[in-house]
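Beneath this line is the structure, given in structure tokens, with notes to follow.
Protein chains: 2
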Amino acid sequence: MEPQVKRRYEAKANVIKAMAHPTRLFLVDELSRGEHCVMDLAAMVGDDVSTVSRHLSILKNAGIITDEQRGTQVFYSVRVPCVLNFFSCVEGVLAADLEERSCALR
Amino acid sequence: MEPQVKRRYEAKANVIKAMAHPTRLFLVDELSRGEHCVMDLAAMVGDDVSTVSRHLSILKNAGIITDEQRGTQVFYSVRVPCVLNFFSCVEGVLAADLEERSCALR
DNA sequence: TGATTATTTGGCGTAATATGCAAATAGGTT
DNA sequence: AACCTATTTGCATATTACGCCAAATAATCA
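Here the protein sequences line up with chains E and L, keeping their order.
Mapping of the first sequence onto the numbering used here: residues 24 to 129, in sequence order.
Mapping of the second sequence onto the numbering used here: residues 24 to 129, in sequence order.
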């Protein structure tokens, strides 16, 4: 594979990698319904604030979410709505898995 | 977060995690255009056959691709077409990043 | 300025992932 | 059976990701 093509796939993988974590998936899901600040998200998730902050910075770095500072708080929100399509597709994959498994039992 | 909800997000993240690698992204892209056997894919990628075989098993395990043995060869193909939507969305994210960066220069 | 609150970053231990080589497995052929 | 070919798996190693604590940074307010 040519290095140019390879770099392109690496860039794409980087975006997907940002979504490839249960907490970050939850964050995107939650932020798609409206903006939230870090401490509120941390409370929902149940992890340390620093951990959630790192997850958010990964998502922001990948270009999936944006932030806006208001006072001492930073409010995050989803920047690219199409990532929500991931969810329905992934549900489809999981559903297909279930079906296949139940077929195998017959 | 309740353990039930958490497990759900873990399952979803697992599917996305399977796509979160440049080589595996390439494999899905290539397989979406038609089935291929392992050694052919390994030649395209330029990695060891065993490495590619492992990547394929991860994708298969996630429910994204299927395999079919014919003779000594195993042919893989995409099982859930909607994963291809990932690509266009990811392109969108990368394009938005570029635009933002060029805006910042003005 | 000093105190308070929210967020980010450094450091560190631990866990997961990636990759190639060599060996094992499986199907086909002679 | 022995042999060849394609694929998978065991193992060792290197790299990367996680998550918390503590410290640093930033904005606000008394």
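Note that beta-carbon positions come from the ideal geometry of N, C-alpha and C, so glycine has one too.
Quick caveat, the model's predicted, so the values are computed rather than measured.
Classify residue i as buried or exposed, calling it buried when 16 or more other Cβ atoms lie within 10 Å of its own Cβ.
| i | result |
| --- | --- |
| residue 118 of chain L | exposed |
| residue 66 of chain L | exposed |
| residue 101 of chain L | buried |
| residue 112 of chain E | buried |
| residue 46 of chain E | buried |
| residue 131 of chain L | An answer regarding residue 131 of chain L cannot be provided, because it is not within the stretch 24 to 129 covered by chain L. |
| residue 103 of chain E | buried |
So which residues of chain E does residue i contact, with C-beta pairs closer than 8 Å?
| i | result |
| --- | --- |
| residue 48 of chain L | 32, 35, 36 and 39 |
| residue 57 of chain L | Residues of chain E passing the Cβ test: none, with the nearest at roughly 18 Å. |
| residue 117 of chain L | 34, 35, 38 and 86 |
| residue 29 of chain L | 45 |
Chain L partners of residue i, CB-CB under 8 Å?
| i | result |
| --- | --- |
| residue 103 of chain E | 112, 115, 116 and 119 |
| residue 67 of chain E | 24 |
| residue 106 of chain E | 112 and 116 |
What in chain E is Cβ-close to residue i, meaning under 7 Å?
| i | result |
| --- | --- |
| residue 42 of chain L | 39 |
Note down, in chain order, all residues in the region 86 to 97 of chain E with a beta-carbon under 8 Å from any beta-carbon belonging to chain L. 86 and 87
Taking only runs that begin and end inside the region 31 to 96 of chain E, name each unbroken beta strand (DSSP E) of 3 or more residues, in chain order. 88 to 93
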